[in-house]
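Residue numbers (the working numbering), protein chains in the order written: chain S, 36 to 183; chain C, 36 to 183.
Quick reminder that beta carbons are idealized off the backbone N, C-alpha and C, glycines included.
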DNA sequence: GTGCGTTAGACAGATTCTCTGTCTAATCTG
DNA sequence: CAGATTAGACAGAGAATCTGTCTAACGCAC
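Next comes the structure, spelled out in structure tokens:
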């Protein structure tokens with residue numbers, strides 16, 4: 036087959052491809068370990084949960100979905116036993132979503148796979164260049180992330 | 036309100052935030068111009084259409100969805116008059132999805148907004164650092180994009 | 001050329017995800 | 001205290017995605 040021409044990729048597509056590669060690696064590793072009751076959308080929300088728990092509203096902001104969507108995803112994660120909702124002592128309107136012990140294994144598998152992927156990336160472009168990407172995107176966050 | 040602690044963002048989240056910021060800017064600019072019949076998911080597929088048209092299968096690969104999903108989105112874009120399907124002279128099984136003249140205005144608005152956003156990013160971190168990000172992600176593509 | 005495996009894409013159906021809109025309770029602010 | 005804001009639940013609709021199946025066309029080995 037004749038190779039079809041490729042347009043020069045723009046930055047948006049490169050960001051998308053790179054992000055998706057990482058997400059896909061993590062999700063596939065989790066599935067490969069026999070855990071099949073977590074979808075990518077649920078994982079995207081769960082990955083934003085802080086060490087001491089997070090509010091649904093905050094998760095929604097971080098995952099760039101509405102509070103309703105985030106609540107829907109948290110419902111499923113909760114039903115599957117990966118998160119729990121506890122009252123927020125600081126605000127009686129709010130509830131904190133926390134990872135359960137059941138989630139620890141998933142987190143460990145996903146993180147390990149991300150580490151593995153990043154190691155491959157370092158092999159490919161070097162640690163210095165990858166670090167530059169990280170630092171630039173981090174600095175860019177001030178203007179790309181309206182919620183800080 | 037007491038600012039809640041923030042975890043140090045990982046590379047995955049930074050890639051996600053940055054990509055979404057760009058996509059959101061483009062989409063909002065299009066909507067602001069009065070064009071409201073294109074969804075982000077449709078735009079994501081449409082943005083992958085090459086200058087001489089692309090096959091649904093290729094669009095699916097680029098947008099990281101199944102052929103079925105891509106076909107579904109192309110159906111809607113076609114119904115709204117933004118793309119057309121023409122026979123592929125090189126392969127009678129295939130059809131090429133091409134942008135119509137009606138899509139030109141949308142493309143122009145979206146591209147202009149992306150240019151504007153990138154200019155702001157350059158102001159914030161400098162052209163050299165942004166270029167480094169581009170080049171590194173481009174080189175990384177060899178291993179992050181299984182479809183080349 | 002015939003036959004077999006592969007590929008492009010359509011169709012059907014189900015599930016998952018996301019949104020708008022509305023509501024209550026709690027908090028914050030002047 | 002009164003009004004505005006915030007957290008998040010509930011309801012319903014719509015969009016996006018998937019698996020599975022099917023047909024037509026291609027490619028290749030024989």
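* Asked: With residue 89/C and residue 132/C assumed to form a contact (beta carbons below 8 Å), what rounded beta-carbon distance in angstroms separates them?
  -> As a working mapping, residue 89/C is identified with position 54 in the second chain. As a working mapping, residue 132/C is identified with position 97 in the second chain. Residue 89/C to residue 132/C, Cβ: 6 Å. Contact.
* Could you list which residues in chain S have their beta carbon closer than 8 Å to that of residue 159/C, in chain order? => Stepping through the second chain from its first residue, residue 159/C is reached at position 124. Going along chain S in sequence order, the residues near residue 159/C (Cβ under 8 Å) are 174, 175, 177 and 178.
* Using 10 angstroms around the beta-carbon of residue 81/C, count the other beta-carbons present and answer buried if the total reaches 16, otherwise exposed. => As a first step, residue 81/C is located in the second chain; it is residue number 46 there, counting from the start. So residue 81/C counts as buried.
* To do: Could you tell me the boundaries of the beta strand (DSSP E) in which residue 5/S lies?
  => An answer regarding residue 5/S cannot be provided, because it is not within the stretch 36 to 183 covered by chain S.
* **Presumed contact (8 Å Cβ cut-off) between residue 53/S and residue 175/C, rounded CB distance** => Locating residue 53/S in the first chain gives position 18, where the first residue counts as 1. Locating residue 175/C in the second chain gives position 140, where the first residue counts as 1. Their Cβ separation, rounded to whole angstroms, is 6 Å, which keeps residue 53/S and residue 175/C in contact under 8 Å.
* Tell me, please, whether the CB atom of residue 55/S is closer than 8 Å to any CB atom in chain C? => Locating residue 55/S in the first chain gives position 20, counting from the first residue. Closer than 8 Å to some Cβ of chain C, the Cβ of residue 55/S qualifies, so yes.
* Neighbour flag for residue 58/C against chain S, beta carbons, 8 Å -> Here residue 58/C refers to the residue found at position 23 when the second chain is read from its first residue. It does: the Cβ of residue 58/C has a partner Cβ on chain S nearer than 8 Å.
* Asked: So is residue 171/S in contact with chain C if we call contact Cβ pairs under 8 Å?
  -> In the first chain, counting from the first residue as 1, residue 171/S sits at position 136. Yes, contact with chain C.
* **Segment limits, beta strand (DSSP E) that includes residue 44/C** => Stepping through the second chain from its first residue, residue 44/C is reached at position 9. Unbroken run through residue 44/C: none, as it is neither H nor E.
* Rounded to whole angstroms, how far is the Cβ of residue 145/S from the Cβ of residue 91/S, which I believe are closer than 8 Å? -> Translated into the one-based positions of the first chain, residue 145/S becomes position 110. Translated into the one-based positions of the first chain, residue 91/S becomes position 56. No, residue 145/S and residue 91/S are not in contact; Cβ-Cβ is about 21 Å, not under 8 Å.
* Closest Cβ-Cβ distance between residue 49/C and chain S: below 8 Å? -> Here residue 49/C corresponds to residue number 14 of the second chain, with the count starting at 1. Yes, its Cβ sits closer than 8 Å to a Cβ of chain S.
* **residue 66/S, DSSP secondary structure in three states** => Here residue 66/S corresponds to residue number 31 of the first chain, with the count starting at 1. DSSP places residue 66/S in helix when its eight states are reduced to three.
* **Rounded distance between the beta-carbons of residue 50/C and residue 50/S, thought under 8 Å** => Position 15 of the first chain, counting from 1, holds the residue named residue 50/S. Position 15 of the second chain, counting from 1, holds the residue named residue 50/C. Sure, about 6 Å apart at Cβ, within 8 Å.
* Residues of its chain near residue 142/C, where Cβ-Cβ distance is below 8 Å and the 5 sequence neighbours each way are ignored -> Counting from one through the second chain, the residue named residue 142/C turns up at place 107. Excluding residues within five positions, the ones whose Cβ falls inside 8 Å are 134.
* Asked: Could one say the Cβ of residue 66/C lies closer than 8 Å to chain S's Cβ atoms, at least one of them?
  -> As a position in the second chain, residue 66/C is number 31, starting the count at 1. Chain S contact via Cβ: absent.
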